[in-house]
Amino acid sequence: MAQLLATLLPLVAMFAIMYFLLIVPEKKRTKKYNTMLSELKVNDEILTRGGIVGKIITIEEDQMVIQSGPDRVRFRITKNAIAQKLSKDVA
Numbered sequence: 034m035a036q037l038l039a040t041l042l043p044l045v046a047m048f049a050i051m052y053f054l055l056i057v058p059e060k061k062r063t064k065k066y067n068t069m070l071s072e073l074k075v076n077d078e079i080l081t082r083g084g085i086v087g088k089i090i091t092i093e094e095d096q097m098v099i100q101s102g103p104d105r106v107r108f109r110i111t112k113n114a115i116a117q118k119l120s121k122d123v124a
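The sequence shown begins at 34 in this note's numbering and counts up by one.
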């Protein structure tokens, strides 16, 4: 019995360490990202995952239209394509 416990204890400890080092921070990042997506509104400056900077023109359920560049080119993107919301100082 003691030998079994001595064998399993390091394995359980590794899983606990992995949980706190990998899974908990990822849950926090996901929650922060989903909060940012839900708080987006028209005229917010965003950066897409592809590197395009634009201003939100319209928001639909899972998609939005952004306007980018001096020619005012418009793109329809999904919310998951957004990497981050830019502050007014950056954009």
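Every residue, glycine too, gets a C-beta built ideally from N, C-alpha and C.
Nothing here was measured: the structure is a model prediction, and the numbers come from that model.
Which of the three DSSP states, helix, strand or coil, is assigned to Leu119?
coil
Exercise. Can you give the Cα-Cα distance for Glu72 and Met51, rounded to whole angstroms?
Worked result: 32 angstroms
Neighbourhood of Ala116 by C-beta, 7 angstroms cutoff - its chain only, sequence neighbours within 5 removed:
Leu80, Thr81 and Arg82
Practice prompt. Taking Ile89 as the reference, give the member of Asp95, Val75, Pro58 and Gln96 with the closest Cα.
Written response: Val75
Query raised in the report: In terms of alpha-carbon separation, which member of Phe108, Gly102 and Thr68 lies closest to Gln96?
Result: Phe108
How would you call Ala124, buried or exposed, if buried means at least 16 neighbouring beta carbons within 10 angstroms? Residue confidence is low: Ala124 scores 44 on pLDDT, short of 50, so the model does not pin down where it sits. Its coordinate-derived value is still stated next. It counts as exposed.
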